[in-house]
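J.: Residue numbers (full-length UniProt numbering): 1 to 324. Beta carbons: idealized from backbone N, C-alpha and C, even for Gly. Note that the coordinates shown come from a computational prediction; the quantities given were computed from them, not determined experimentally.
1. Would you kindly work out how many angstroms separate the C-alpha atoms of residue 98 and residue 263, rounded to a whole number?
2. Starting from residue 273, follow the beta strand (DSSP E) in both directions and report where the run begins and ends.
3. Return the CA-CA distance between residue 86 and residue 205, expressed in angstroms with no decimal places.
4. So what's residue 178 in DSSP terms, helix, strand or just coil?
5. So the beta strand (DSSP E) residue 232 belongs to, where does it begin and stop?
6. Please classify residue 225 as buried or exposed, where buried requires at least 16 other C-beta atoms within 10 Å of its C-beta.
7. Count Cβ pairs between the stretch 231–241 and the stretch 275–285 that sit closer than 8 Å; are there 3 or more?
8. Where residue 218 and residue 84 are concerned, what is the direct C-alpha to C-alpha distance, given to the nearest angstrom?
9. Taking the alpha helix (DSSP H) that residue 204 falls in, what are its first and last residues?
10. Once DSSP output is grouped into helix, strand and coil, what is the label at residue 197?
11. Is the number of C-beta pairs between the stretch 285–292 and the stretch 66–80 that are closer than 8 Å three or more?
12. Over the uninterrupted alpha helix (DSSP H) stretch that includes residue 123, give me the two end residues.
13. Would you kindly report the start and end of the unbroken alpha helix (DSSP H) that includes residue 107?
14. Assign residue 58 to buried or exposed, taking buried as 16 or more other Cβ atoms, counted over all protein chains shown, within 10 Å of its Cβ.
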């Protein structure tokens, strides 16, 4: 009897187990069965989300007429219910800077996050006390466009040159004491890697100084907080590259309706939101350097979350927002 040499590199590679989270799912995918009950559940969840979006238009419109900060609090409630309808659990890790009230140091917070799906708005809208920046095309989407408009979303052009013209409107909101959130990639991706960041948007925090512009001295001081969003659980199991791209991500010319219906087939999902240490714009020589630093933090966070590995400075505050 002879045995293969276990020290042989070829033999070790052959015997080495390969872990693919996608293979943990049964081939027949029992969560997507085509029974009458499953089809009824899928349609009810999709209709419930659309109905809640219509209710949100009425609710946010009413809050705009009320005194106080209800128009800022309602979006947090709205996106929380939307996540519950889709059964998306949201876990947050790290310390979120900013709140609905102004920070003691007077700094506004600008959250920058990776972008792979329309779900990012639901997940981040549930936890971030901020107004979003969105591409101009969203303004014309049925129902969603009107809802985001009522939520005080600031619509800008994706063109790098034209985007600079919209920065002033964002700065005006910062002067009023509001926090801002935006996706510097400018569009969604497959969720496997980050797209290039639009550094022009970072002029919100680090404007070009002009001697003949007196308003520059009135620019509010800000913090940039990088935020990583990763969809890491599906039916309680880890999410692999394939399902991250074709279950959660919404990119290219994918239609919204089929993607929504596809999501409602799954019984449970989880998104993890990782808050990185904030960046002070004055510590960076240029907008490009600030953009690169934020991108590096988000990219590293994506890699750490996918491998269930987190830096020590992120291990302290962890919150599951499932029941909030």
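T.: So, to answer that:
1. A straight line joining the alpha-carbon of residue 98 with that of residue 263 spans about 31 Å.
2. Annotation for residue 273: the continuous beta strand (DSSP E) segment containing it runs 269–275.
3. 34 Å
4. When DSSP states are grouped into helix, strand and coil, residue 178 belongs to the coil group.
5. First-last of the beta strand (DSSP E) with residue 232: 222–234.
6. buried
7. no
8. 41 Å
9. Run containing residue 204: none; DSSP gives neither H nor E here.
10. Three-state result, residue 197: coil.
11. no
12. Segment 119–127, the alpha helix (DSSP H) holding residue 123.
13. Careful: residue 107 lies outside any alpha helix (DSSP H) and carries neither H nor E.
14. With fewer than 16 other beta carbons inside 10 angstroms of its own, residue 58 counts as exposed.
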